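Here is the structure we will look at, set down as structure tokens.
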């Protein structure tokens with residue numbers, strides 16, 4: 001008998017495919033704006049139904065004015081809102097650092 005081919009018992013982690021924002025937006029627009037069914041849009045774009053449904057729901061929410069908390073925004077308006085939120089977080093962090101530095105300097109000057 002021939003040798004039995006080696007089969008690893010460890011599974012390779014499946015890599016999650018990354019799609020550019022423009023691609024996700026176009027795929028979701030097929031369903032929402034071009035009246036494609038989810039199945040038709042999946043076939044046309046070569047993506048899975050779960051991912052497409054998630055993108056369609058995200059685009060619906062963004063069009064309704066909801067900014068996604070964890071995902072990258074698809075619409076320009078929501079992308080701008082996300083960028084502004086990030087800038088606010090950065091400025092608030094810098095403000096806290098300056099408050100602490102000022103307090104330390106004040107304590108140091110009082111000790112002298």
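Numbering (full-length UniProt numbering), first residue to last: 1 to 112.
Just so you know, even glycine gets a beta-carbon here, dropped at the ideal spot from N, CA and C.
Note that this is a predicted model, so its numbers are computed, not measured.
| Query | Result |
| --- | --- |
| With 16 other Cβ atoms within 10 Å as the buried cut-off, status of residue 41 | buried |
| Sequence-distant residues of its chain with Cβ nearer than 8 Å to residue 29 (five each side left out) | 59 |
| For residue 85, the nearest candidate out of 47, 67 and 39 (CA to CA) | 67 |
| Residue span of the alpha helix (DSSP H) that contains residue 51, given as start and end | 49-63 |
| Run of the alpha helix (DSSP H) containing residue 94, from where it starts to where it stops | 76-111 |
| Buried or exposed by the 16-neighbour rule on C-beta atoms within 10 Å, applied to residue 18 | exposed |
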